[in-house]
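Using the working numbering, the first residue of the sequence shown is number 161, and each one after it goes up by one. Encoded as structure tokens, the structure appears first; notes follow it.
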Amino acid sequence: VFGETNPSGKLTATFPRNVGQIPIYYAIRNTGRPQSGETFTKFKSNYLDVSNTPLFPFGYGLSYTKFEYSNLKTDSETISQNGVVEVSVNVKNTGNFDGEEVVQLYVRDVMASVTRPLKELKGFQKIFIKKGETKTVTFKLAANNLAFYNQNLQFIAEPGKFMVFVGGDSNASLSVEFELK
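Take a look at the structure:
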């Protein structure tokens, strides 16, 4: 109320913009339709005057300051079945107040033998950043963090390409790709 504490909590659910979006949740499965932003609009399925994005995405939260994400990279473009990839990102406090941010790491399996969520939360770190300061946040992502139960109920990490997204909520668009061999 008095601005002495800067909030940094995050939502544990997605809030739809309107009732026509229900059900909506962060780990939604791919529909097979073109992703938004693509030029192919034959399968567009939303109202013309209403955005198809959620009102508040999973992981969203308020703060008195603003954070900017940049320089997302991996230490390797490929990892082995028993390997680990290190993902790092710079987070800058561009606002007028010191604050805490929950940096969230999501992974998308580009091509799997079963339908996988578009994004899965695989890690997060809460960090304190003074105004004007930049910090580098690092995540270690092991191959077993990419595993899932296949059609034969075996918990495996299938070889292939994976996309990593990092940001302040599940709408994180800063991405990098690596391959599991």
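All residues carry an ideal CB built from backbone N, CA and C; glycine is no exception. This one's a predicted model, so the numbers in the text were calculated from it and none came from an experiment.
(request) Sort Val326, Ile289 and Phe216 by Cα distance to Val263 and report the nearest one. (result) Here residue 263 refers to the residue found at position 103 when the sequence shown is read from its first residue. Of Val326, Ile289 and Phe216, the smallest CA-CA separation from Val263 is found for Val326.
(request) Tell me whether Phe200 is buried or exposed, calling it buried when 16 or more other Cβ atoms sit within 10 Å of its Cβ. (result) Locating residue 200 in the sequence shown gives position 40, counting from the first residue. Confidence at Phe200 is low in this model, with a pLDDT of 49, below 50, so the placement of that residue should be treated as unreliable; the coordinate-derived value is given next. Exposed, since its Cβ has fewer than 16 Cβ neighbours within 10 Å.
(message) Considering just the uninterrupted stretch of the beta strand (DSSP E) at Asn250, what are its terminal residues?
(response) Here residue 250 refers to the residue found at position 90 when the sequence shown is read from its first residue. Taken as a continuous stretch (DSSP letters only), the beta strand (DSSP E) holding Asn250 covers Val244 to Asn253.
(message) What would DSSP say about Leu306, mapped onto helix, strand or coil?
(response) As a working mapping, residue 306 is identified with position 146 in the sequence shown. Leu306 sits in a helix when the DSSP states are folded into three classes.
(request) Taking Gln285 as part of the beta strand (DSSP E), name the residues at either end of that continuous run. (result) By one-based count along the sequence shown, residue 285 stands at place 125. For Gln285, the uninterrupted beta strand (DSSP E) segment begins and ends at Glu280 to Ile289.
(request) Using the Cα positions of Gly180 and Ala303, report the straight-line distance between them to the nearest angstrom. (result) Residue mapping note: residue 180 aligns to position 20 of the sequence shown, counting from 1. Residue mapping note: residue 303 aligns to position 143 of the sequence shown, counting from 1. Those two C-alpha atoms are separated by around 37 Å.
(request) Assign Ser330 to buried or exposed, taking buried as 16 or more other Cβ atoms, counted over all protein chains shown, within 10 Å of its Cβ. (result) Numbered from 1 along the sequence shown, position 170 holds the residue referred to as residue 330. Answer is buried; the Cβ neighbour count reaches 16.
(request) Throw me the rounded Cβ distance for the Lys290 and Asn253 pair, which I believe falls under 8 Å. (result) For the purposes of this step, residue 290 is taken as the residue at position 130 of the sequence shown. For the purposes of this step, residue 253 is taken as the residue at position 93 of the sequence shown. Rounded, the Cβ-Cβ distance is 6 Å, consistent with contact.
(message) Going by beta-carbon coordinates alone, are Lys282 and Val297 separated by less than 8 Å?
(response) As a first step, residue 282 is located in the sequence shown; it is residue number 122 there, counting from the start. As a first step, residue 297 is located in the sequence shown; it is residue number 137 there, counting from the start. Taking 8 Å as the cut-off, the beta carbon of Lys282 is found no closer than this to the beta carbon of Val297.
(request) Would you kindly work out how many angstroms separate the C-alpha atoms of Thr102 and Gly219, rounded to a whole number? (result) Nothing can be reported for residue 102: it is not among the residues displayed for the chain, which extend from 161 to 341.
(request) Kindly give me the distance between the Cβ atoms of Val251 and Thr234, rounded to whole angstroms, as I take these residues to be in contact under 8 Å. (result) Start at 1 with the first residue of the sequence shown, and residue 251 comes out as number 91. Start at 1 with the first residue of the sequence shown, and residue 234 comes out as number 74. Contact flag wrong, Cβ pair sits at about 17 Å.
(message) In whole angstroms, give me the CA-to-CA distance for Pro176 and Ala317.
(response) Taking the first residue of the sequence shown as 1, we reach residue 176 at position 16. Taking the first residue of the sequence shown as 1, we reach residue 317 at position 157. Pro176 and Ala317: Cα-Cα distance of roughly 32 Å.
(request) Would you kindly report the start and end of the unbroken beta strand (DSSP E) that includes Gly234? (result) Taking the first residue of the sequence shown as 1, we reach residue 234 at position 74. Inspection of the sequence shows that residue 234 is occupied by Thr rather than by Gly. Counting along the chain, the beta strand (DSSP E) containing Thr234 begins and ends at Phe227 to Thr234.
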